[in-house]
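Some notes on the structure that comes next.
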Amino acid sequence: MTRVMVVEDDENLRVAVTVKLRAEGLHVDAVRDIATADRLLHDGHYDCVVFDRMLPDGDAIDYVYPRRQQGWGVPVLFLTARDALADRVAGFEHGGDDYLVKPFSMVELTARVANLCRRSGTGRPSVLRHADLEMDCARREVRRAGILLTLSSKEFAVLEFLLARAEHAVDRAELIEHCWDSETDPMSNVVDAVVKRLRRKLREPELIHTVRGRGYRLAYA
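Numbering (full-length UniProt numbering), first residue to last: 1 to 221.
Right, here's the structure in full:
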């Protein structure tokens with residue numbers, strides 16, 4: 001599944017963009033600041049990042065530009081209220097692949113993101129592996145020690161999210177945000193129920209570990 005990150009501090013806009021992109025079949029991680037985006041970019045792979053320019057912890061171009069100099073190749077779409085020509089040029093000169101001025105059409109945003117994802121040569125690999133667990137994201141197949149497992153779509157989504165962040169703790173709230181719709185109660189036990197089924201299907205030795213006070217971590221041993 002194509003993975004996109006949205007970095008936007010305006011909650012209403014962040015939610016609206018996330019809902020629209022998910023409706024187009026994209027996996028979307030949505031965060032509000034550069035620090036959180038940086039952590040996720042280190043933990044996982046993305047086909048495109050949609051960055052608001054002005055964020056609580058800085059200007060996104062000051063984050064993107066030095067990484068471009070180091071060879072970072074993930075396509076970036078900048079969102080901004082600044083519509084002056086000089087601002088648009090600065091966005092491109094500092095590592096942006098596209099630039100969209102607010103307010104914008106969600107249809108246009110979706111088209112631009114889809115275009116950048118098609119151009120991406122650095123997105124998440126189609127096959128994810130950890131120890132003897134292998135997930136073919138294109139074929140929607142999961143194997144443990146070579147044995148094909150039968151998973152529901154929700155089990156697949158949760159396992160994919162954990163596998164992409166193997167060895168790292170993942171909050172229950174993160175899993176709900178990225179694998180369920182926005183109406184899901186974060187206090188419900190839906191995550192625990194899916195994880196319980198996954199553990200049963202993955203069999204021993206256990207791969208999905210409970211992290212007390214946080215959520216879960218996928219790791220061998």
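We put the beta carbon where it would ideally sit given N, CA and C, even for glycine. From a predicted model like this one, the values you see are computed outputs, not experimental measurements.
Nearest-angstrom Cα separation, counted from residue j out to residue i
| i | j | result |
| --- | --- | --- |
| D10 | R197 | 36 Å |
| L85 | V101 | 11 Å |
| D192 | D87 | 46 Å |
| R203 | L133 | 11 Å |
| V194 | D33 | 29 Å |
| A23 | E155 | 19 Å |
| I208 | R140 | 20 Å |
| A166 | A16 | 29 Å |
| A35 | G58 | 10 Å |
| R82 | L109 | 16 Å |
| Y65 | R199 | 42 Å |
| Y63 | L13 | 21 Å |
| H45 | A111 | 21 Å |
| P103 | V89 | 19 Å |
Own chain partners of residue i with C-beta closer than 8 Å, once the 5 adjacent residues on each side are dropped
| i | result |
| --- | --- |
| C117 | T2, V4, L26, D47, C48, P75 and G123 |
| D43 | A164, R165 and H168 |
| A114 | E24 |
Proximity test, residue i beta-carbon vs the ligand MG heavy atom, cut-off 8 Å
| i | result |
| --- | --- |
| K201 | Absence of the ligand MG is noted for the structure shown, with no ligands found whatsoever. |
Exposure label - residue i; buried when at least 16 CB within 10 Å
| i | result |
| --- | --- |
| G73 | exposed |
| L159 | buried |
| E8 | buried |
| E177 | buried |
| T80 | buried |
| G215 | buried |
| V211 | exposed |
| V6 | buried |
Contacts around residue i, its chain only, beta-carbon distance under 6 Å, and the 5 residues preceding and following it disregarded
| i | result |
| --- | --- |
| V19 | none |
| F78 | F51, R53, G91, G96 and Y99 |
| Y220 | A131 |
| A60 | F51 and R53 |
| R217 | A169, H209 and V211 |
Among the options, the one whose alpha carbon lies nearest that of residue i
| i | options | result |
| --- | --- | --- |
| R144 | K154, S153, Y99 and L128 | L128 |
| A173 | I34, D29, A23 and V17 | D29 |
| G213 | K154, E155 and A169 | A169 |
| V107 | M135, Q70, R139 and L21 | L21 |
| L148 | E206, M135 and E155 | M135 |
| V142 | R119, T36, K201 and G58 | K201 |
| R67 | V113, D38 and V190 | D38 |
| P56 | G146, V31, P103 and S105 | V31 |
| H94 | V6, A111, R112 and Q70 | Q70 |
| L40 | P205, D171, N189 and V89 | D171 |
Span of the beta strand (DSSP E) around residue i
| i | result |
| --- | --- |
| F78 | V76 to T80 |
| H27 | H27 to V31 |
| F155 | For clarity, residue 155 is Glu in the given sequence; the question names Phe instead. Per DSSP, E155 belongs to no beta strand (DSSP E); it is in the alpha helix (DSSP H), S153 to A164. |
| L149 | I147 to L149 |
| F51 | C48 to D52 |
| residue 223 | For the chain, the structure presents residues 1 to 221; residue 223 sits outside this window and is missing. |
Opening and closing residue of the alpha helix (DSSP H) in which residue i lies
| i | result |
| --- | --- |
| D192 | V190 to L202 |
| D43 | I34 to D43 |
| R67 | A60 to Q69 |
Close beta carbons around residue i, own chain, < 7 Å, minus the five adjacent residues each side
| i | result |
| --- | --- |
| C179 | K154, A157, V158 and F161 |
| R175 | The question names Arg, but residue 175 in the sequence shown is Leu. For L175, where only same-chain residues beyond five positions count, the Cβ hits under 7 Å are V158, F161, V191 and G215. |
Minimum Cβ-Cβ distance from residue i to chain D less than 9 Å
| i | result |
| --- | --- |
| D87 | The structure shown contains no chain D; it holds only a single protein chain. |
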